[in-house]
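So the sequences go chain by chain: A and B. Residues in the first sequence are numbered consecutively from 1, following the working numbering. Residues in the second sequence are numbered consecutively from 1001, following the working numbering. Accompanying notes for the structure given below.
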Amino acid sequence: MLSYKEGSAAKGFFYSAVVWLIIPVFVGLFMAMLLSYPTLQHYIPSPLRGPINFGRLRPMHVNLAIFGWLSMAYVAGIFYVTPRLTGVRLYSERLGNLALVLWNIFNIGILITFPLGYTQAREYAEMVWPLDVLFLVTIILIGINIWGTVRRRKEGKLYISLWDFMAASVIFPLVYAVGNKVWDFSGAYNGLTDNIVNYFYVHNLFNIWFTTAGLGLAYYLLPKLSGNPLYSHRLAVWGFFGVWTGQHHQLWGPAPDWLEIMTVVFSMMAAVPTLVFSYNFFMTMRGSWGRIKESIALRFFVVGALLWIFTCVQGLAHSLRSFSMLVHFTNWVVGHSHLAFVANYSFWAFALLYLALPHLVKRPIYSRSLAMYHFWLTAVGITIYMVSMWIAGVIQGVYWLQGGIPFIETVKAMHPYFVARMLGGAMVVVGQLLLAYNVWQTARGAVHTKQKVTATLAPQEAI
Amino acid sequence: MNREGLTYLTVTSILVLLTGILVTIIVPALESPLPTQASRPPYTEQELRGKLIYQREGCWYCHTQQVRRPEVEIGTVKVRGDIGPESRPEDFVYDKPALWGTERQGPDLAHVASRPYGAVKEWHILHLKDPRAFEPDTIMPSFAHLPEDELEALADYLLTLK
Chain A
1 MLSYKEGSAA
11 KGFFYSAVVW
21 LIIPVFVGLF
31 MAMLLSYPTL
41 QHYIPSPLRG
51 PINFGRLRPM
61 HVNLAIFGWL
71 SMAYVAGIFY
81 VTPRLTGVRL
91 YSERLGNLAL
101 VLWNIFNIGI
111 LITFPLGYTQ
121 AREYAEMVWP
131 LDVLFLVTII
141 LIGINIWGTV
151 RRRKEGKLYI
161 SLWDFMAASV
171 IFPLVYAVGN
181 KVWDFSGAYN
191 GLTDNIVNYF
201 YVHNLFNIWF
211 TTAGLGLAYY
221 LLPKLSGNPL
231 YSHRLAVWGF
241 FGVWTGQHHQ
251 LWGPAPDWLE
261 IMTVVFSMMA
271 AVPTLVFSYN
281 FFMTMRGSWG
291 RIKESIALRF
301 FVVGALLWIF
311 TCVQGLAHSL
321 RSFSMLVHFT
331 NWVVGHSHLA
341 FVANYSFWAF
351 ALLYLALPHL
361 VKRPIYSRSL
371 AMYHFWLTAV
381 GITIYMVSMW
391 IAGVIQGVYW
401 LQGGIPFIET
411 VKAMHPYFVA
421 RMLGGAMVVV
431 GQLLLAYNVW
441 QTARGAVHTK
451 QKVTATLAPQ
461 EAI
Chain B
1001 MNREGLTYLT
1011 VTSILVLLTG
1021 ILVTIIVPAL
1031 ESPLPTQASR
1041 PPYTEQELRG
1051 KLIYQREGCW
1061 YCHTQQVRRP
1071 EVEIGTVKVR
1081 GDIGPESRPE
1091 DFVYDKPALW
1101 GTERQGPDLA
1111 HVASRPYGAV
1121 KEWHILHLKD
1131 PRAFEPDTIM
1141 PSFAHLPEDE
1151 LEALADYLLT
1161 LK
């Protein structure tokens, strides 16, 4: 039942990721509509008002985007890249396909349990206990596959991407287990500790998983798409290690001051990998900037990389208590999370998809122009989204610190920005629908009328 | 890379994680053990049921329960400073999980029951059913679809947030 075919696991993960991308973007758009026009709730039939309510849709949007779309796209990328860097086949396609099935069951579990109100009420860790265990098993199976492939490698040198994948595959399950407290049915710690561990997990889901594995993918994409060798491998290795805590997500909170101060120091240390990657990125790209005109994958990658640098700069700024006091709890943070999630990590995943899918299905992407529209709709839409949220956040922050202004005034002031966010979000949704259509047509082997022009190119150059 | 390289990679990665766990979980647990003197009494069965409804309906996505030191005097829900005193670890002793929250689409609720209207159970129930009757510009959804006994429990939980 589970396929042995080379590349089948990577392909399956890409297809699943695209399906799980469509659901959370629609949920997100609907939530943006509710925040802009809350009376829409009256049009929902009353038996459905429980499941279809902001408080139950929000975890579905967030967790399906994190675990359904981006994480699955990452695994697809890792399963695609690892054999190419080691010179051998994936350790076990069958194991990879088993993980694919389990992961999809996990996502379906989220889709069913959250609207019904089964939640552990902890950020990014809302999944109930059986789902936690299922997910943990799945990512351990994926880790075994990565390490098994590397063990059999023909290539002597371990390229930095493999460092990143292997480290992520060890630490991610540990972080997930600790963060979700998988040995306890309730999944929660007590009081203060609960919050400290929750944000240790929240932060490391991004820092250990999306950043570490993401940089691994980025270090593969960068030389591949730019056509230049990586400027400095040694420098990349230097940027590999950092120390991670998450308490800067709750500065000025009830946690001990020493912990908050220490986390600020650690956060500043994140400047090292940021600078290392930036330098490597700009030096490797020398002479290849013009290629972004031909390659949509490179275009996604370059925008993602530039915005990754921006995310890190913003993140460092938030970690200072003074700036945190202004923007914490406001919509600024919503803008920041979409910057990190959509505009950089997802853009890298799109670049990867456009690069890898033609190799996996052995034919070019169905339509270059659809991919082009996908790029522009997503890029412009998410920019409108982020900028409106940042403006909204600063307004909230300034109003709150002013004192004496009733809270409802800040709510009223949000309206135009919420509407702008909704429109930007709608553009992103349309963009993702084009992506899904394009991937579907590529998968079923449809031939686009304009494809004759690109058919003469090698698959990787066709897009 | 050779075998030692792999070992180095594995050991260092795990060390980095252990450092993270040490400084965020173990040291805090030893350094500042959970206060034995809680500032609030343990939840009754009814209040705990209300807290679970608060969690289930995702109230904590839009309402924080966390007052930060610099905003104690200035934080405003209706009048200046009515956000209440700074949140302390002893406020959360019986919370599992703690619902500090991350966003304020609505006002902070750490001390909602200390505000004049917030101390009235009927106010909470009516407000949950139809927030727009109290504040026409609110973006809060109505919870009129919840059964009456759940609204009662939820209100009882909110009354513990003094």
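Glycine included, every Cβ here is placed at the ideal spot set by N, Cα and C. Being a predicted model, the structure only gives us computed values, none of them experimental.
Ranking Trp400/A, Trp348/A, Val276/A by CA distance to the CA of Pro1070/B puts Trp400/A first.
Exposure of Val398/A is indicated by the presence of fewer than 16 other C-beta atoms within 10 angstroms of its C-beta.
C-alpha of Thr1102/B to C-alpha of Lys5/A: approximately 45 Å in a straight line. For Pro1089/B, the neighbours in chain A by C-beta distance under 9 Å run, in chain order, Gly191, Leu192, Pro254, Ala255, Pro256. The segment 248-261 of chain A makes contact with the segment 1088-1095 of chain B, as at least three CB pairs between them are under 8 Å. Measuring C-alpha to C-alpha distances from Trp147/A to each of Trp69/A, Tyr91/A, His448/A, Pro173/A identifies Tyr91/A as the nearest.
Within 10 angstroms of the beta-carbon of Val27/A lie 16 or more other beta-carbons, which makes it buried.
Bounds of the alpha helix (DSSP H) holding Thr311/A are 296-318.
Neighbours of Ile408/A across chain B, judged by C-beta separation under 8 Å: Glu1135, Asp1137, Thr1138. For Lys412/A, the chain B residues whose Cβ falls inside 7 Å of its Cβ are Asp1137, in order along the chain. Closest by C-alpha distance to Pro1136/B, out of Thr86/A, Pro38/A, Val182/A, is Pro38/A. For Trp390/A, no chain B residue has a C-beta closer than 7 Å to its own C-beta; the minimum C-beta separation is roughly 15 Å. Per DSSP, the beta-bridge partners of Glu1103/B are Phe329/A. Exposure of Val447/A is indicated by the presence of fewer than 16 other C-beta atoms within 10 angstroms of its C-beta. Taken through DSSP and simplified to helix, strand or coil, Thr1076/B comes out as strand.
By the Cβ-count criterion, Thr1044/B is exposed, with fewer than 16 other Cβ atoms from all chains shown falling within 10 Å of its own Cβ. One thing to note: Ala99/A has its Cβ no nearer than 8 Å to the Cβ of Leu136/A. With fewer than 16 other Cβ atoms inside 10 Å of its own Cβ, Pro1147/B counts as exposed. For Val182/A, there is no enclosing alpha helix (DSSP H), as DSSP marks it with neither H nor E. With a threshold of 8 Å between beta carbons, Glu1150/B makes no contact with chain A. By the Cβ neighbour-count rule, His318/A is buried, with 16 or more other Cβ atoms within 10 Å of its own. Chain-order list of chain B residues neighbouring Gln120/A: Gln1055, Pro1097, by C-beta distance under 9 Å. For the alpha helix (DSSP H) assignment, the uninterrupted runs of no fewer than 4 residues enclosed by the segment 123-192 of chain A are, from N- to C-terminal side, 129-151, 160-180.
In chain order, Ser46, Arg49, Gly50 make up the part of chain A whose C-beta sits under 7 Å from the C-beta of His1145/B.
Look at Val419/A here: in three-state DSSP terms it is helix.
By alpha-carbon distance to His1063/B, the top candidate from Pro1097/B, Ile1021/B, Leu1109/B, Arg1049/B is Leu1109/B.
For Leu423/A, the nearest beta carbon of chain B is not closer than 8 Å to its own beta carbon. Where Asp257/A is concerned, the enclosing alpha helix (DSSP H) starts and stops at 257-269.
Thr1064/B sits in coil when the DSSP states are folded into three classes, being neither helix nor strand. Listed along chain B is no residue with a C-beta nearer than 8 Å to that of Arg84/A; the closest approach is about 17 Å.
If you check each beta-carbon in the segment 1061-1077 of chain B against every beta-carbon of chain A, the ones closer than 8 Å belong to Tyr1061, Cys1062, Thr1064, Gln1066, Arg1068, Arg1069, Pro1070, Glu1071, Glu1073, Ile1074, Gly1075, Thr1076, Val1077. Ranked by Cα distance from Val302/A, the first of Ser324/A, Leu357/A, Pro173/A, Phe350/A is Phe350/A. Look at Gln432/A here: in three-state DSSP terms it is helix.
The distance from the Cβ of Pro24/A to that of Ala65/A is about 4 Å, consistent with a contact at the 8 Å cut-off.
In this structure, Tyr366/A and Thr442/A form a Cβ contact; the two beta carbons are roughly 4 Å apart against a cut-off of 8 Å. Three or more beta-carbon pairs drawn from the segment 1050-1066 of chain B and the segment 1093-1102 of chain B are found closer than 8 Å, and the two stretches are therefore classed as touching.
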